[in-house]
Each structure stands twice: as structure tokens, then as C-alpha cells.
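Visitor: Protein chains in written order, with my numbering: chain P, 49 to 128; chain S, 29 to 319; chain Y, 25 to 775; chain V, 298 to 462. Can you keep this structure in mind? I'll have questions shortly.
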Amino acid sequence: MAQVFFSNALQGLTGGTTEMEVKASSMRALARSLEEHFPGIGLQLKSAAVAIDGDIVPSAWWETLEPDSEVHFLPAISGG
Amino acid sequence: MKYQAPTSIEEAVALLSSDPGARVFAGATDLIPQFQGGRPEPSMLVDLKGVPQTGVLECQNGYWRVGAAVPAARLTSHRELVSAFPGLVEGTSLIGSDQIQGRATLGGNLCNASPAADSVPPLVALGATAVIVGAAGRRSVPVSEIVIGPGATSLHHAEFITEFRIPVPARGCSDAYERFIPRTEMDIAVVGAAARIRLDDQGRCRDATVVLGAVAPTVAEVSAAAEILRGRQLAEAPNCKAFWEELGEAAVASCNPIDDKRGTVQFRRRVAAVLARRTVATAARRAKEAI
Amino acid sequence: MTATRTAYKWVGTRPVRHDGLDKVTGRARFGADFATAGMLHGAVLRSPHAHARIRSIDVSEALAVSGVKAIITGADLPELDDNQVEGGEGNATYRDLSRNILARDKVLYEGHAVAAVAATTLRVAEQAAQLIRVEYQVLAPVLTIEEAMADDAPLLHDDLFTSGLDSPPKEPSNIAARHVTSRGDPDAAWEEADLVVEREYFTKAVHQGYIEPHAVVAQIGEDGKGTVWGSSQGHFVIRTLTANVLGWDPGDMKFIPAEIGGGFGGKTTIYLEPLAALLSRRTGRPVKMVMTRHEVFRATGPTSGTWMKVKMGARKDGKLVAAQAWMAYEAGAFPGSPVGLGVMGIFACYDIPNVYLEGYDVVVNKPKVAAYRAPGAPMVGFAAESVIDELAEQLRIDPVEIRLRNAVAEGVRAVYGPKYRKIGLVETLETARDHPHYSAPLGPWQGRGVASGWWMNYGGETSATVNINSDGTAVVMSGCPDIGGSRASLAQMAAEELGIDVHRIEPVVADTHSIGYNDLTGGSRVTFAVGMAVVSAARELIEDMCSRAARMWDVPPEEVEWVEGRAQSVSGAFPPLTLEELAAGSARTGGPLSATNTVNPRGVGVAFSTQICDVEVDPETGRVTILRYTVAQDAGRAIHPDYVEGQMQGGVVQGIGWALNEEYIFDGDGVMENPGFLDYRMPVASDLPMIDTVIVEVPNPEHPYGVRGVGEVGIVPPLGAVANAVYAATGKRIQELPMSPVKVLEALSSG
Amino acid sequence: MSRTYVTCVVNGDPVDFLCHDYQTLLSALRDELGLTGTKEGCGTGDCGACSVILDGQLVCSCLVFAPEAEGRSIETIEGMAEGQHLHPLQESFLEGAAFQCGVCTPGFLIAAKALLDHNPTPTETEVRYGVAGNLCRCTGYDKIVRSVLDAAVRMREQDTRKETA
């Protein structure tokens, strides 16, 4: 089960849920599952930065997930 | 904009007289940045460096002649001049970087008429006069009377300074200049202070002139300095005696500074007091060696 | 891929850089060094007002000037939607980016571009620009965060509604966004703290200060296709932005990178490029545009001025129990400050269970901010490291020790969420503590400060190609401009893999038509990400060469190994084949030897730096002199230590400038008063001591050579380190940057 | 508008060019003579990127009017190496990694040459003040200062070798 963490900005859509376990082998599957739980969240996720297992991943939606992966949705950010 | 390089005073004056939009220059270190900043270009630029009198550098008949267009680098590498007027050379050497030193001149530093010019307080403290030429002939004016406000001088159109005359220092006399800038180089003075000190053979102050820069529209003489310092031994550190305090207070009283991007009124007043004390102490130390 | 060897022939050495000769002889061609026949020159008319409505623009008189070929204004650019710009640094929408290139209805800062002129000479273009008649309705400027956030503030944008609020706002405002991050329960946790320190901090807008002004030459043909020469931190990204602003296809333009004279984030976006391209398209002539230094200061992005309130609580033993911060960042004229990174970074060095962070992105009538080295992080570093210093002092704990007691390490969850992997903060702190500098004696009016800093780094899209020439030399191609020695480090990694001399490798920064897409030279990413692609390409080549040798020897591929630049048979049955031999014979063994690799890597790793600063303060004038400075930074592994040290030293000195003297100064009308190097006071050589460096190497397990980004984190700690040193020297905590002599003297005379 | 004809010596070679009187020496070198090694960083004499040596004197070429070059001798970065031999400063800048982006490098080399021509044995402080008119934003100056000091040693050694030979 991947562990998913929601930023404060997303918690409005998750009803205050800050983290949850999701069975998903890929980020795409994860997004589908989250959209089922929290209708409308998918659109918001698109603009969030995604950290998988500690790294901000530019091509996050292409990635596969390990059973113990941690996924963080963070405010969109820019680097220097 | 037409560039002209006259080789005589007459030619220069004739060129200037021919065009009300003409202006003189020597080092161009203030001029070109002014154009860059949007100031309109003159119709004619008259380069004074080819006029032989502006390049003079010699000591004769009790005074030094320093050409108005002599670059700072030549002054700072002139041993006799450094030993005669260490403060003037200090001030001159602080005008910009080594690159600027290769071009900047005393004449330009004065006639740009910035309140913060580094060579002007020492020139005034030394009682220098400027030799001015123009269509009406030649006149000599104390340097203190050249600048009449920020960016403004008492020179008429078609007049220019050819040289400065500075009396050879008497026995027991020397000078110093200190300035404050936030960095160590490349800044315009936030406060400048020049001092000329003459000591008697016992090392007591016989005469003193203290002149501040960047704290008023033109350089400001601390007129009470001579009275405060006369008869004093100036060898002690410049903070241990009441008269040093008095000197600082007199310096503050001579200031009429503004708040600007480089400093505040309060900062300039406080630092003027500090620099006045420091520069007097340095000049006195040098004067002692000249007894 | 993990590091398997620790002894290297090239990695970790200091070869002369490949582009060095051109750069010491004046042959290297930077942005403004390019010229071509028939070239026109462009000039920009800029707003004299910080905030005004444009009533009308009349270009007729200017167009009539002999030699003027074209004039463009905002009306000539397509109206774009609110899509977020991707790939660039610094947040912006295309709508705003386009309006920053040329103002539409309003000008929003002094220096905002209003029109651009192309003429036969620069002088004519500049003079004609002054003949363009613009009628302005001048509006009240908004110059500080406080003014901008006030309820009755004049609005820069009537249609800007704050995002990130708990309930959607009904009224527009100057606050573009609110970012909140929290964990635990700080409100409850304050009670656990034996000591709570709460302070307020201010910093000013500062500029990247690259020495080379922006410059570009564009030549667009009658078919709408063309070539653009110029310096930037990433010609692929600049091409995309330029094309999108113009409504063109990126593929229609070939961007050829010039050498770049510094960027530090400031050349990650566009200013002149679309103007030159459009003017060229209109005139059918090449158009060159070069900014003056005044323009660079007035119209290109500084980084944000900030206002921060920080509260931290610790137990007697120094353990932090809670921390809270409110921070507002100036975005400049359009939304998109790096406040999000400030929120992430402010407590990223420390393991704190209860945290509440709130950040605001605020528009003001100043140039739109651009990325600047570790965007958003140095300011919050100033605030947080100052508070920690106070906690340490009041708890009587050594400042390095209190940081060690709270330092994040592998497995600790960062304040912003994810768990850290292998990181080196503790090692940098221990290095600082054990450095002779830390215990050296100090004199009167001298003081020592320490601070640590965090930066996240970035991977990014990357392509690299390695070609072997027939003589056995190699070309390593990437698409990331070399801003500080990356050609050398890429060549070193390739040399290490191929087993050939580093100077038999020619590293090349290829144009947009010669290599696959590459993200910016930014985010401290080039040696990390491009290095990964180069190493992978080199390994693919080696595999190819080994398999060719295997076929020549008629043995299975696994019986061939690559050792020191040669294919060797494992059994020793055949004499080895050198790279030169394989290259010379490649036509007979399957064709040219070439490999390309593309990556979008994970595992970039997080960088930390700990710094020690000694200052002396003149109590009579407030002048601060830096006496001694030591940096300990985790580089993962330094490929070329000279250039790693150079990044550390350069970052520190920019931070020192930020701390002591650099600032944008505006008059009451919002006109910048110091748009030149005379009064925008960057450090000069005589202001500084040597900057001692200690490269700490905690290899990044995700990179074949253990590389971490090193470019940015060095600028994060100096603001706090200098402030803490000034406190130690004077007993005064200065909470507002820059700590110019005026402020220090004020502080000394108070209380 | 008529242009002024200027003849001068650049890096030992006689050259001539036409210029407008408002042009600077920097502009003449770059735009008229194609010597783009001399850089413009500010145009106001504050960064030193345009440093050249004019009749033996270090100046910012952005603060010299082009017609002033008439009859003068100018040394630029392009003339610093002698044939195939780099100047010791160029060698030590290369080996000492004294630059990152390299745009300030020509100005630093020229300023450092002027310094060492006048003072072959500078202290660290003298080097720091000697190049204080040159801004570098990449390096923090550390490696530049070390490289100038190193070049001074190299030049003294060269001189010693010449004398003994």
C-alpha cells in the first residue's frame, strides 16, 4: 500500500484527511483511486508538485510505485 | 556631439566661445556615466588634456602647480607630491578604482561639483587656488569658491581651470583625508573629512583647518576647529580628551546633510564627528614628523 | 546505479577546463559578441512610472525617423491565457509573462517595457524610442508588502484573487496566493517549551548581479523560421517561452547558445528574445538587442523583498518542540514569488514535531522577481538561523551543538513532508565544529556567527550524446549552457567511464537542433542530471564496443570487459583492443560509435551547508568587516573540486553582499534610485578575505558518482551567519537586511 | 553625420577605424575593430570588464571617447599572449580555476597585468585593492586573488631564469 500525504491546500478536498494508504502500483492508478475517494481532486493534483520516496519527481505521472512508496503532494514550486 | 582636442589655451577658449553648447572634459569618468544616466550630450566636447598647462606638475616659488587634467595615477605615484600633501593624494587616490585613477583629474573632480568629491576637501584645507582661463583672460580663485552648489560652479561659459596652486607646507605642517564608504572601494563618499594641521616645535597645534565633504551642498569647513585645537597636544588617541569631543561637536555643527540613498542625516552627522577626529589625528601624526 | 568504486582516475581531480583557453584569451563569444551582416539594432522604451494606466501610444513620429524599420508594442503580441509557464524557473502564467515582455493596459514598474524599436543603428533606435508618445494616467504605486496587503491598497490587478484561502475571496487583492503547511499541534506544543523566541525580520529585493547584461540576436526568415543567438541558462526553455509568447512553434527557431556571463537564476526567463524575434520577423533583417546595466536592474528580475515573523520553542536541552512562521514575499509586478520554497525551506534543517507555516505571495510595483540561487531560501535562513542563535545563547548551548541536537538526517521526515534519504547536514555541522576556525581567538568588537542552510536541488529533463571520433577522441554533447565549469565535470565523468584522457574528450554545448531537449542550467542540476545521461551514454558505448570486440574475437560478449580504455578478453586469449583501434575500425564493425541517453532523473538529493563567519564592527561608523569565513558543504562527491569550491565561495559572497550592502532602493514614486553598480553595492575583492572551503562528501546513492547539486545551497546560510556574527561582536540583533553601516550604527546607539 | 578617422596602435599593430565622436573606445574596439574580448558590463566604469591598457595606463575603455585613441597605444586581452605563449597570468587563471562564467576574466587579466607591471611583488591586500575595480559575481574573488599571486611568482621566476640565461 502506498502512503499518500496531502498538502494543506488539498486538505480542503480530502475533508481534512492528511494522509491515507492507497493500493496502487502506479501514479496513474493512484490518481484514479484518489478521484474515487475525493471527487474533483484529480484536477488539483495535476498542478501540485509530487515527491515520491523523498524526491520531487518531474515526470511523476509516468512513475510506478513500490508497495512501500511514500507520495507527497506539495504546493507547486519553482527551483533555482 | 563633436570631439575637439585643442593644443593651446587660446584654441580651447576659441572653441568654447564658438559654441554655447560646448563643454570641457579631461578624464570623462563622471561625464560618460552622466550620458548613460540620460543627461543630454553637449554639442561639443573639448578635451583639455592636450593643453600643455593642464598637464603641469611641479614645485616652484613656494607653491606646487598641479595641472587640472593630470590623471590621479600620476599624482599618487609622484613621490615629492605624496610627501608634501599626503592628505590630498589620499583623497585623490580614493576617486574610484585603479582604472578610474588612470583618467580622473583634480579639475574634473572639482568641476563636476559633487558634494562628495574626495579631492576637494583636502584642496580647500590646503588653501589651494585655481587658475582659471577664459575669453576675458586669466584669474585665480580660491578652490573653496569654485563650487556653489551640487552640480554648479562659479565658472563662466568658455572658462576652465588650467591648474591648481598649493602653497608648499610649512615646517611642522601636514594633511590627511578620511572618508567613509560602505564598501572598501568603488563607492561615493558618504562623509569625507580633510585636515591640515600645523604644529609648533613642541608638537602643540599651532593652526588647523578641517573641511568636510558630502555633508552639505558644498564642502563645509569646521570653522571652530582651529580654536579648539590650538595649543593642544594631538598625539593621544582621538577620543580620550574633552577637546576631541568638542571637535566632533563642531564638525556636527558644520554639517547640513541630507537623507539619500547613501546615508541618513543622522548617520552623516555622527560619522562626520568621527572622521574629523580621526583625520586630525592622522594629520597631526604626520605633522609631527615634519617638525 | 550506485557508486561502486571510490578510487578514480579523473573524478575528483582538477584538470584545466576545456573552455578555459577561449576564456582567458578573449575568444569566447558571449551574448553581445555576436554580429551579422545587415543587422539592425533594437532599443526598448520603458515606463518612467511605477504604476500607471496606458491611455495611448503614438509611434508615428518615431516611425518617421530615418533608419527606423519597425516598432512593436503590446498590441503586437497575442493575448495569452492563464496557463502556467512550465520549464522556466519562477512561477508565472503566459498571460503575465507576455505582459512583462511588453506592457498592455498598465505599466506596473518603472522600467516596464512599453515599446521596442528596430533601426539601422543603436543610436537611431534609442533616439526614436524617445519620440514614441505615451500618455499615462499615473496611479499610486504600491511599494512595500505592508502597503500591498492593506485593505485599502491600490490594486495592481483588478482580476487577482487570492488562491489558497480557506474560503474563496470575493474581492480582488494584491495577495496572489497563500501557502500553508503544518504538522503536529504547535499551539499545544508551546507549553512543552522552556524557552520561546519570537521575532520579526525584513529583507530587501536584491539582484542576481551577473556581469553580462542580457543580449540576443534574432534572424527570422520570410518563412517564419529562423535562428536566435544569445546567452541564457537554457536555450531550450528560452526557445519554448519565446515561441509561446509570440504564438509560434518552438521548432521553427534554432537557438544557438552563446557563452553565458553569469545568470544565478536571472537568465532562466525571457525579456528581449521575443522582441528581437518579432522585430526581425517584421523587418526581414537580423536584429540585435543588448540591455544596458540600468535596464538590467530596472527591468529584469531581482529576488523578493520579504517580511517574516518567526517563533520557535525549545526545551532546556535545546531540542526544538515547535516552530511557527508567517512570511510574505514580494513577487514584483506579477504573481509568482518563491514563497513556496521559503515555506518548504525555513525549518528544513531541523527535526521539529510541531510546525505551522503560512506564506503569502504579494504583488508590488517593482520588477517581476526571477529565480535567484536557491530561490526563496536565503531570506528564511536569515530569520530561522537568527532565532536559533538566540535560543542557543539563552539556553547556554553552543550554536553548532544546538543545531546538531536538532539536525535532520536520513529517515527523518522533512517539515515539508517526505523523509530525507542519505544527507549530510550532520557532517557539515561536525566539520564546522571541528574546524580550527571555530575555536580561533577573537579580539574586541569581533564576533563569530554560524548558520546552516538547506536546498532541495532539481533533476530535470536531460539529453546527452557521446560520439567517438575515428582517432579515438570523443565528443560529449549536452544542451545545458556551461555557467561555471560543467563542461569539465561532464568530460571527467565520461573520461572515467571510457578510460581515456579527459583532454581527449571535447565537451560541447549543442544548439536546439543538434541534441534532444534539456531543461535549464539551474536547480544545481547539470553535473547531477546531465552527468547521469553522459555516464549512461558512455556505458552504452562501452557495451557496444565490447560486443564488437566479442564478435571480432568470436567469443560471447560476457567474455569481454572494458578496462582502462580497452576491450580485454577475460581469458587473456586475445591482445586487447584500444578505443583508438575500435574507433579506427568502426566502419567495418557496424558503423560510427555513438550513444545518446535521455533521463528525467529522480534522486537528485538534498544539499546542506554550514558556515562560520567572523566579523569586526567599527563601533563609531557601523562598518562591518568580514575577517574570516569558512564553508562546509555536502557535495555528495566533488567531480571537479575547484569548481565545487568556486560554487561555494561564489554563493557565500553573494550572501555576504545580501547581508551587508545590497538592496533595491526606490524613491517615493517607485523609481529605482540605484540602478548601477556604483550604488547597488556588490562586494568587491578588497571587501573580502579568502573564503575557506571544506567539501564534505556524503555520496548521493542515487548518482553513479555520488553527485549532489552544489550550485545553490552556499548562498543560504550567509545572511544568518553574518547577522549572528554581528550580534556576537556588538550585542545587537539586527533584524532587517541589509546590515548597512547606517543600520548598524543606529542599532549600536539604541538602548 | 560625418565620422572621425582614428589611427592608433592596438596590441602592437597599427590600426585605423572610423567612429562617431560619441562612441567610446570600448565600442570602437568591439564594433569597429571586432575585438570583442573586451566586455561591457555596465558602461559606467563600475565593473572593469572593459579594462584595457592605454599608453601604459589601466583604464575602463567605456570611459574613453573613441577619438581620444588617436596616436595612442592600446593593449587588450587579444594581445596578452605572445604568439603561442600564454601570459603567466593567463596560465595561472587557467590552472587556478580563477573564473566560472568567464565574462569578467579579460578585464581581470588586464587589470592584474597592469598591477604586476607596476608592482611585481604584491601582497594579498594589494592584489585585492588592485582588482577592486573589477567585479566578479561568480567566484567570490578567492581563486582570482590566489591566481594573481601565483602569476606574480611565475613572472619573478621567469625573470630570474632570463637573468641567469
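Built from N, CA and C at the ideal position, the CB exists for glycine as well.
1) Around the Cβ of V:G309, are there at least 16 other Cβ atoms within 10 angstroms (buried) or fewer (exposed)?
2) Are V:K336 and V:V428 closer than 8 Å when you measure CB to CB?
3) What residues are listed by DSSP as bridge partners for S:Y205?
4) Kindly say whether Y:T26, judged by its beta-carbon, lies nearer than 8 Å to any beta-carbon of chain S.
5) By the 10 Å Cβ neighbour count, where 16 or more other Cβ atoms means buried, how is P:M49 classified, buried or exposed?
6) Any C-beta of chain S sitting closer than 8 Å to the C-beta of V:E365?
7) Taking only beta-carbon atoms, is P:D116 less than 8 Å away from chain Y?
8) Quick one: does V:V442 have its CB under 8 Å from some CB of chain Y?
9) Please confirm whether Y:P665 and Y:G44 have their CB atoms less than 8 Å apart.
10) I need the straight-line Cα distance from Y:G66 to Y:P192, nearest angstrom please.
11) For the candidate residues Y:V734, Y:V708, Y:N685, whose alpha-carbon lies nearest to that of Y:P765?
12) For the region 86–113 of chain P, which residues have a beta carbon sitting closer than 9 Å to at least one beta carbon of chain Y?
13) Which bits of chain V does Y:D57 rub up against, with CB to CB less than 9 Å?
14) Distance cutoff 8 Å, beta carbons only. Does V:Y438 sit that close to anything in chain S?
15) Quick check on the burial criterion: 16 or more other C-beta atoms within 10 angstroms. Buried or exposed for S:L151?
16) Taking the C-alpha atoms as reference points, what is the distance between Y:G660 and P:G90?
17) Going by DSSP, which residues form a beta bridge with Y:M501?
18) Could you tell me whether any Cβ in chain P is nearer than 8 Å to the Cβ of Y:M763?
19) Where DSSP assigns a beta bridge to Y:T634, which residues make up the other side?
20) Please classify Y:V436: does DSSP put it in a helix, a strand, or coil?
21) In three-state DSSP terms, what is Y:N621?
22) Please confirm whether Y:A6 and Y:L419 have their CB atoms less than 8 Å apart.
23) Kindly list, in the order they appear in chain S, the residues whose Cβ is closer than 7 Å to that of V:Y426.
24) From Y:L167, Y:S610, Y:T330, pick the residue whose C-alpha is nearest to that of Y:L761; which is it?
25) Checking 8 Å against the spacing of the C-beta atoms, do V:G437 and V:S348 come in under that value?
26) Pick helix, strand or coil for S:Q325, following the three-state DSSP scheme.
27) For the alpha helix (DSSP H) containing Y:N430, name the first residue and the last one.
28) Between the Cα of S:D235 and those of S:A300, S:Q261, S:A217, S:M214, spot the shortest distance and give me the residue it belongs to.
29) Which residues of chain Y have a Cβ atom closer than 7 Å to the Cβ of P:L122, listed in chain order?
30) Look at the alpha carbon of Y:P399 and the alpha carbon of Y:A408, and state the distance between them as a whole number of angstroms.
31) State the beta-bridge partners of Y:R157 as determined by DSSP.
32) Got a sec? Which residues, its chain only, sit under 8 Å from Y:A27 by beta carbon, not counting five neighbours each side?
33) Contact criterion: CB-CB distance below 8 Å. Does Y:M556 meet it with respect to chain P?
34) Could you compute how far the alpha carbon of Y:V148 sits from the alpha carbon of Y:A142?
35) Hey, how far is the Cα of Y:S304 from the Cα of Y:T316?
36) From this set, Y:R119, Y:E697, Y:P625, which residue's C-alpha is nearest P:G102's C-alpha?
Guide: On the basis of the data shown:
1) exposed
2) no
3) S:A222.
4) Only weak support is given to the placement of Y:T26: the predicted model assigns it a pLDDT of 39, under 50, and the value that follows is read from those uncertain coordinates. Chain S, which has no Cβ nearer than 8 Å to the Cβ of Y:T26, makes this no.
5) exposed
6) yes
7) no
8) yes
9) no
10) 44 Å
11) Answer by Cα proximity: Y:N685.
12) S95, A97, A99, I100, D101, G102, D103, I104, V105, P106, S107, W110, E111
13) Going along chain V in sequence order, the residues near Y:D57 (Cβ under 9 Å) are R327, T333, G334, K336.
14) no
15) buried
16) 36 Å
17) Y:T489, Y:V532
18) With 8 Å as the cut-off, Y:M763 does not count as an interface residue toward chain P.
19) Y:S476, Y:A656
20) coil
21) Strand at Y:N621.
22) Beyond the ends of chain Y as shown, which are 25 and 775, falls residue 6 of chain Y; an answer cannot be given.
23) The contacting residues are E213.
24) Y:T330
25) The answer is no: Cβ separation not under 8 Å.
26) The structure shown has nothing for residue 325 of chain S, since chain S only spans 29 to 319.
27) Unbroken alpha helix (DSSP H) run through Y:N430: 423–430.
28) S:Q261
29) Y440, G441
30) For Y:P399 and Y:A408, the distance between alpha carbons rounds to 16 Å.
31) Y:D82
32) Model confidence at Y:A27 stands at a pLDDT of 42, short of 50, so the residue's coordinates are unreliable and nothing is read from them.
33) no
34) 9 Å
35) 20 Å
36) Y:P625
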